[in-house]
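Below you'll find the structure, written out as structure tokens, and then a few comments.
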Amino acid sequence: MKKSGLELTLGIDSKATMPNNQSNVPVNKELKRYYLYNFLRSLVKIKGSYFAMAYFYFHGFPASAVVLNIIVYSVTCLLIIKPISKLIGTLGIKKTFILHSIPVLISFFIVTNISLEWSSLFYLWMFVHAFAVMLYRIPLTAYFSHYGNHETRGKEVGLANVVQKLASVAGPILFGALIDQTGLVVFFAIKTLIHFAAAFVLGLKNDSRVKVDTSIFKLSRIVPRKVSKAFFFSQLPYPFVSDLFFIWVTLKFGSFTLAGIFISAKVALEILLS
201 MKKSGLELTL GIDSKATMPN NQSNVPVNKE LKRYYLYNFL RSLVKIKGSY FAMAYFYFHG
261 FPASAVVLNI IVYSVTCLLI IKPISKLIGT LGIKKTFILH SIPVLISFFI VTNISLEWSS
321 LFYLWMFVHA FAVMLYRIPL TAYFSHYGNH ETRGKEVGLA NVVQKLASVA GPILFGALID
381 QTGLVVFFAI KTLIHFAAAF VLGLKNDSRV KVDTSIFKLS RIVPRKVSKA FFFSQLPYPF
441 VSDLFFIWVT LKFGSFTLAG IFISAKVALE ILLS
């Protein structure tokens, strides 16, 4: 039976866990927890770092520091994909996922102690934050591919995206207003608490060791070269345009609430157009 593009990309064979249609019941139960986790995470995940960078720029950090911070985060994410993928094959999905709680706590400590006198913490924060993001994102992608039904992959991916987008509409407005009223520390405290609540909801009872293939040569054979190049160059300016636009809105109008409304409107428009 033909594999889906996601399975080919990750090098995971879902047939090992999906021998027949009778396996749909336990798989769906696992994915329901995954959808709920996605909802909780998305409440505080969307543009959270952008709010933080705008906040620091608002309090004296230069624009060059903000741009460099974006680069530090993006490059770190790129460099740690393969090591984390190998870690999943050694420790399993669950143990690798649990590890991301460590950089989450470190990130919270750093971000609540950043000042102009300790400007180096600004860059260290995004470096650690990259580990926190990738240590949950890659294991969850492997988890979704491993336990999902390859025959209904499109429906499962679509539902996951809908759940995430719906939460992402409300989150920016609520937490933008919260930052305006209380500052960044309260926002990150709530963000961290919701993170652990979401991880508890997910559970990840099964700790499967799966091979996650991130070979660039294999990926280049799956996706046509012209498509890969077009996607790469089209997405190249996105981190700078998206981050700096919302930072500009925040500084121009002096309101994180308004920036949150812009972000929520953007997500809502994406939902309508998709």
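Heads up, the sequence shown is in the numbering used here, so the first residue is 201 and it goes up one at a time. Even glycine gets a Cβ: it sits at the ideal position worked out from N, Cα and C. Remember, predicted model here, so these are calculated numbers, not experimental data.
Around the beta-carbon of Trp318, fewer than 16 other beta-carbon atoms lie within 10 Å, marking it exposed.
In the structure shown, Thr392 adopts helical secondary structure according to DSSP, grouped into three states. In this structure, the straight-line span from the alpha carbon of Thr457 to that of Lys295 is close to 37 Å. At the C-beta level, Met326 and Thr276 come within 9 Å of one another. 9 Å or more divides the Cβ of Thr450 from the Cβ of Val385. Take the alpha-carbon of Ala342 and the one of Ile293: they are about 7 Å apart. About 6 Å separates the beta carbon of Ala332 from that of His300, a gap short enough to meet the 8 Å contact definition. Runs of the alpha helix (DSSP H) spanning 4 or more residues and lying entirely within the stretch 295-337 occur at 301-311, in chain order. Bounds of the alpha helix (DSSP H) holding Gly289 are Ala263 to Leu291. At a Cβ-Cβ threshold of 9 Å, Pro372 and Val267 do not count as neighbours. By a beta-carbon distance limit of 8 Å, Ile284 contacts Leu335. Their separation comes to about 6 Å. Within a 10 Å sphere around the beta-carbon of Phe387 sit 16 or more other beta-carbons, which makes this residue buried. Linking Ala330 to Pro303 through their CA atoms gives a straight-line distance of about 9 Å.
Across the structure, Leu378 and Leu305 are spaced so that their CA atoms are roughly 21 Å apart. If you draw a 10 Å sphere on the C-beta of Gly460, you find 16 or more other C-beta atoms in it, and that means buried. Ser464 places its beta carbon 9 Å or farther from that of Val363. If you draw a 10 Å sphere on the C-beta of Ser345, you find 16 or more other C-beta atoms in it, and that means buried. Remark: C-beta atoms of Ile390 and Phe400 do not approach each other more closely than 9 Å. Per DSSP, reduced to three states, the secondary structure at Ser345 is helical. When secondary structure is reduced to three states using DSSP, Ser368 falls in the helix class. In the three-state reduction of the DSSP assignment, Gly260 falls in the coil class, being assigned neither a helical nor a strand state.
Cβ-Cβ distances below 8 Å link Ile280 to Ala330, Phe331 and Met334 in the same chain, with the five nearest sequence neighbours on each side left out; the list follows chain order. For Ile338, the number of other beta carbons within 10 angstroms of its own is at least 16, and it is reported as buried.
In this structure, the beta-carbon distance from Ala265 to Phe309 does not fall below 9 Å.
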